[in-house]
Structures are given as structure tokens and as C-alpha cells.
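Below is one structure, written out as C-alpha cells; the observations come after it.
Residue numbers (the working numbering): 10 to 310.
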């Protein structure tokens, strides 16, 4: 039987959200056992202990893989932070017996069964992913691809949800190659490690249905999201929660309520709720052309 795992990378700032991400996957699995891994970025012993406490509270096991930011990441240029780069080093820490790996950003929640991902035929590819929102805008997507050194006319994926044939990644040294690309071209990458991964897997990944990574801008066009990705700066656990995600805040509130992390969730005031709705309405009215393009692209994906 194939050994599968889910992994989230997190420093102390996103630790509560990362644990909620893993818990959401556990709740939406009914098949064979899946391991839950957390690449803990520069975590202190007491912070690792809190992960264990959270896991026990929710009747699950989370294995923390300690990760200390390497010098090459600390010296990274521009927008590259140690936390952002951790994903590119996770191959050095994942247990050898893992064959299939689902990587999730810490601002992701599973909201429907995800068993199909672990049984999916990847058709010989080392990666399966979902088109990034930018693909709805060909000129912008093309400019990004040319800048970072991708082939013409290809597709560019969002790296918030990545399904790996981990055996293939390991045997082909794909993450070591990605780190080399980072060192060569980091000054070209506006989208951090997502750009580096797209260069490595250029033209060699399986395109998944958008329901497996329903980014914020795709919510109006995806009928049955399985994994929601809270892209953008505003998150459901913040007082500035976007109107479109207002119902998702309860997941974090409930799951963190009996933990020392309860204050991680900040609820908006009534004035904030009204302002959020008006802002949402204004964006919908002001961005009709953008919405139409996004609908046209992702409805046919």
C-alpha cells in the first residue's frame, strides 16, 4: 500500500492556522491512514509542544519535522524570506517511506472529502497542481513566464496545493534542482518559491480541477470546492476578514477555542462587517471584466 502524507510548513506566526489546515484534511479523509507532517521553521521546544497539545485535543497525530533556516535562505535577496523558502528544503526532512505527498499552504482548509487525491493516477508526472489565477489573463501570465525563464505557451500553477509523486521527486532530485534555480534566478522571481517550482516542473505536471485549490478569486466559479485557498493578504482569522470568507472564520474559532491559540482569531466589529460587505460589492461591480475573464477561463479548465 502506498505510504501517503500531508505536509504544511510554518513558523511560529502561522502555527495555529497550519494546525487547522492539517485538522481539516483529517476530517475529510475516510480511506487508508495518512501521516500528518508539519515542517516547523525555527520553532522552540514549547512551540513544538503546543502542536502536540493541539493534535491530542483533536485526536490526531502531527509529526513536527524541525527545520532550521539554512544560511543560503537567510541571505536570500529581495522578498525571499526564510519562511517562504522552507518548502524548497522539505525534501531533506520528509521520511524516506513516503511515496505520495500532499503539500498545503497554511492558509488552506479542506471542506469536502479529499480521498481521491491520494488514489489519483498522476499519469507519469511527478506533480499535479491547479492553474494559478493569473492564467485567466494571458498577457500577464505570458509576461511572468518569460521573465522567469519558462517555455512559451505553457501553464503556470498555483503552489498553495501541490500533489507530488514523492518517490519520483526524490529519485529525480527535483527539489535540489529547484534550489539551484533559486540561486541562479532569485532576482527574477516576484512570486517567490512558486516561480522556482514552476520553472522546475515546466510542462511536466498534471492539471487538476480548480475544486482542489479554489483560490479566493475562483470562489464564484467553482461549484463544489474541496480545498479553499485564502489567497490575498486578508485571512478568515483576521478582523479584516474578506466578505467572501466570512463564514470560514468559524472553523478557526471552533478549532482553536480550547487552546492557548484562541486569541489568534480576531472577529470584525459590526462596522467592520458592513465595511467589508461594501468593499466586496464595490470590487464585484468595478471588476466585472476581470470576473468575466476569470469565469471564462476556469469554467473551461
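Ideal Cβ placement from N, Cα and C applies to all residues, glycine included.
All values derive from a computational prediction rather than experimental measurement.
Item: Could you tell me which of 198, 178, 169 sits nearest to residue 220, measuring between CA atoms?; Value: 169
Item: May I ask you to report which of helix, strand or coil DSSP gives residue 158?; Value: coil
Item: Using 10 angstroms around the beta-carbon of residue 137, count the other beta-carbons present and answer buried if the total reaches 16, otherwise exposed.; Value: buried
Item: Take residue 63 and list the residues in its own chain whose beta-carbon comes closer than 7 Å to its own, dropping the five residues that flank it on each side.; Value: 28, 268
Item: May I ask you to report which of helix, strand or coil DSSP gives residue 130?; Value: coil
Item: Secondary structure at residue 165, three-state DSSP: helix, strand or coil?; Value: coil
Item: Using only alpha-carbon positions, find the residue among 96, 211, 106 that is nearest to residue 112.; Value: 96
Item: How would you write the range of the alpha helix (DSSP H) that residue 24 sits in, first residue to last?; Value: 24-36
Item: Tell me the DSSP secondary structure of residue 18 in three-state form.; Value: strand
Item: Just to confirm before moving on: does the CB-CB distance between residue 14 and residue 59 stay below 8 Å?; Value: no
Item: Return the first residue and the last residue of the alpha helix (DSSP H) that residue 117 is part of.; Value: Unbroken run through residue 117 is the beta strand (DSSP E), 117-119; no alpha helix (DSSP H).
Item: Between the stretch 109-125 and the stretch 140-149, are three or more C-beta pairs nearer than 8 Å?; Value: no
Item: Quick one: Cα of residue 70 to Cα of residue 49, how far?; Value: 15 Å
Item: Using beta-carbon positions only, say whether residue 213 and residue 135 come within less than 8 Å of one another.; Value: yes
Item: In its own chain, which residues sit with a C-beta less than 7 Å from the C-beta of residue 166, not counting the 5 before and 5 after it?; Value: 138, 139, 140, 141, 207, 214
Item: Give me the Cα-Cα distance between residue 259 and residue 161, rounded to the nearest whole angstrom.; Value: 43 Å
Item: Nearest CA to the CA of residue 204: which residue from 77, 271, 189?; Value: 189
Item: What is the rounded straight-line gap between the Cα of residue 147 and the Cα of residue 191?; Value: 25 Å
Item: With a 10 Å radius around its C-beta and 16 neighbouring C-beta atoms as the bar for buried, classify residue 105 as buried or exposed.; Value: exposed
Item: Can you give me the C-alpha to C-alpha distance between residue 73 and residue 26, rounded to a whole angstrom?; Value: 15 Å
Item: Excluding five sequence neighbours on each side, which residues of the same chain lie with their C-beta closer than 8 Å to the C-beta of residue 302?; Value: 145, 146
Item: Using the Cα positions of residue 211 and residue 158, report the straight-line distance between them to the nearest angstrom.; Value: 10 Å
Item: Classify residue 217 as helix, strand or coil using the three-state DSSP reduction.; Value: coil
Item: Report all residues from its chain with a CB closer than 7 Å to the CB of residue 209; omit the five preceding and five following residues, and keep chain order.; Value: 183, 186, 187, 190
Item: Is residue 148 helix, strand or coil by DSSP?; Value: helix
Item: Give me the Cα-Cα distance between residue 240 and residue 181, rounded to the nearest whole angstrom.; Value: 31 Å
Item: Among 225, 154, 230, 40, which one has its Cα closest to the Cα of residue 197?; Value: 154
Item: How about residue 131 and residue 174: do their beta carbons lie closer than 8 Å?; Value: yes
Item: Provide the residue span of the beta strand (DSSP E) that contains residue 230, from first to last.; Value: Taken as a continuous stretch (DSSP letters only), residue 230 belongs to no beta strand (DSSP E), as it is neither H nor E.
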